[in-house]
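Chemist:
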Amino acid sequence: MSGQNVWKDRLGSHTVAHGQESSIRTSQALASELAENAQDFDGLLADVVESATPEADVENLGKRLDELLKQYRNKMPKSKFAQLKRVLNDALALLRNQADDIKSLKAAVAALQRKAAKAEADRRAVLLGQLVYTVDDIVTSYVFGPGSRPMSLNDIQTTVEYDADVQQQQRWQQVTAFAEKQGVPIGLLIVRSSALRSQRFGVAHGRPDELDSTTPDQLRAWATSSYATATELLLKFLGPLTQDSKPLRPRQDVVATFAAP
């Protein structure tokens, strides 16, 4: 494992980075002393030491060791007892630091998981909104010509009614006729699509690879109950206008599709 070592001592088995090796050597030295002195405790201390891992309840472990020390305070030479007490305190301090490090790591991982979940939710919202944008883009380009800035269906309808030439009006009529043929009245599509449009911000677009890989079933799965009907209507409208199983990728021949009798 690059940049890491696996070490094992009486305090447990762990994988750590090179920068922690000094702490490991300290732990190994403490474990060695504990192992030697454990014989004076008739094996009781050894059982406690074996349970001392970074994941252990360090405070509870300290209380157990204090109880053992009280039991053996008068059964050992003072110098030996003082040495053992120092080693135990050092070991607990090391374990406490390791436990704090683990808590910090877990908190950092949880924060990253929350951030990733939010990013995924935002991505799905953008792609659902992209479904509406695809309709807007296709219809705007057909009615007003390629390169036109995409407008909502409602804005297209208003513009055609008050500020469009005869040819643009005819093309809009072809769009509404196509929608009727698909079983999606244009008025209903305008109303239902407005809520989904708010899911996509003006500067938020799906990446090219997302536009290629997003399928109708994915969009259906991402749509909550509030957007399910709108999503289904948009998919129905876009079916003949987009590539197979790629509702966010328009076909090249949409002009012929709209103009078909």
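For the sequence shown, this note's numbering gives the first residue as 6, with consecutive numbering after it.
C-beta: ideal position from N, C-alpha, C; glycine also.
1. Taking C-alpha atoms, which residue in Glu237, Gln162, Leu193 lies nearest to Trp177?
2. For the structure I just gave you, are there three or more beta carbon pairs, one from the segment 131-143 and one from the segment 245-259, closer than 8 Å?
3. Below 8 Å between beta carbons: does that hold for Leu133 and Gln204?
4. Determine the burial state of Gly152: buried for a count of at least 16 other Cβ atoms within 10 Å of its Cβ, exposed for fewer.
5. Beta-carbon within less than 7 Å of Tyr147's beta-carbon, same chain only, minus the 5 sequence neighbours each way: which residues are those?
6. Terminal residues of the continuous alpha helix (DSSP H) containing Leu238?
7. Out of Arg197, Leu224, Ala130, point me to the one whose CA is closest to Thr234's CA.
8. Note down the Cα distance separating Ser157 from Gly211, rounded to an integer number of angstroms.
9. According to DSSP, simplified to helix, strand and coil, what is Ala154?
10. Mind checking whether Arg202 and Val131 have CB atoms under 8 Å apart?
11. Run through the DSSP bridge pairs and tell me what Lys251 is partnered with.
12. Please tell me whether Leu193 and Leu238 are closer than 8 Å, where the distance is taken between their beta carbons.
13. Determine the extent of the alpha helix (DSSP H) in which Asp217 is found, giving its start and end residues.
14. At the level of alpha carbons, what is the spacing between Leu216 and Arg128?
15. Less than 8 Å separating the beta-carbons of Leu70 and Leu99?
16. Could you give the first and the last residue of the continuous alpha helix (DSSP H) run that contains Ala261?
17. Could you pull out every residue in the same chain whose Cβ sits closer than 8 Å to the Cβ of Pro221, ignoring the five residues on either side in sequence?
18. Can you tell me whether Gln232 is buried or exposed, with buried defined as 16 or more other CB within 10 angstroms of its CB?
19. Would you call Val189 buried or exposed, if buried means 16 or more other Cβ atoms sit within 10 Å of its Cβ?
20. Could you pull out every residue in the same chain whose Cβ sits closer than 7 Å to the Cβ of Gln88, ignoring the five residues on either side in sequence?
21. Since I believe Phe149 is in contact with Gln174 (beta carbons under 8 Å), could you give me their beta-carbon distance rounded to a whole number of angstroms?
22. Do Ala228 and Thr219 come within 8 Å of each other at the CB atom, strictly closer than that value?
23. Within 10 angstroms of its Cβ, does Ala116 collect 16 or more other Cβ (buried), or is it exposed?
24. So for Val189, helix, strand or coil by DSSP?
25. Could you check whether the Cβ of Leu246 sits closer than 8 Å to any Cβ belonging to chain B?
26. So Asp222 is in the alpha helix (DSSP H); what residue range does that whole segment cover?
Modeler: Taking the coordinates as given:
1. Gln162
2. The segment 131-143, when compared against the segment 245-259, does touch it at the 8 Å Cβ threshold.
3. If you check the CB distance, Leu133 and Gln204 come in under 8 Å.
4. exposed
5. Arg176, Val180, Val259, Val260, Phe263
6. 233-243
7. Arg197
8. 18 Å
9. It should be pointed out that residue 154 corresponds to Arg in this sequence rather than to Ala. Here Arg154 sits in coil by DSSP.
10. Going by C-beta atoms, Arg202 is not nearer than 8 Å to Val131.
11. Gln248
12. yes
13. 213-218
14. 12 Å
15. no
16. In this chain, the alpha helix (DSSP H) harbouring Ala261 covers 259-264.
17. Leu240, Ser250, Pro252
18. According to the sequence provided, residue 232 is Tyr. The question's Gln does not apply to it. Classification for Tyr232: buried.
19. buried
20. none
21. With a Cβ gap of about 11 Å, Gln174 and Phe149 do not count as contacting.
22. no
23. exposed
24. coil
25. Among the protein chains of the structure shown there is no chain B, as only one such chain exists.
26. 221-227
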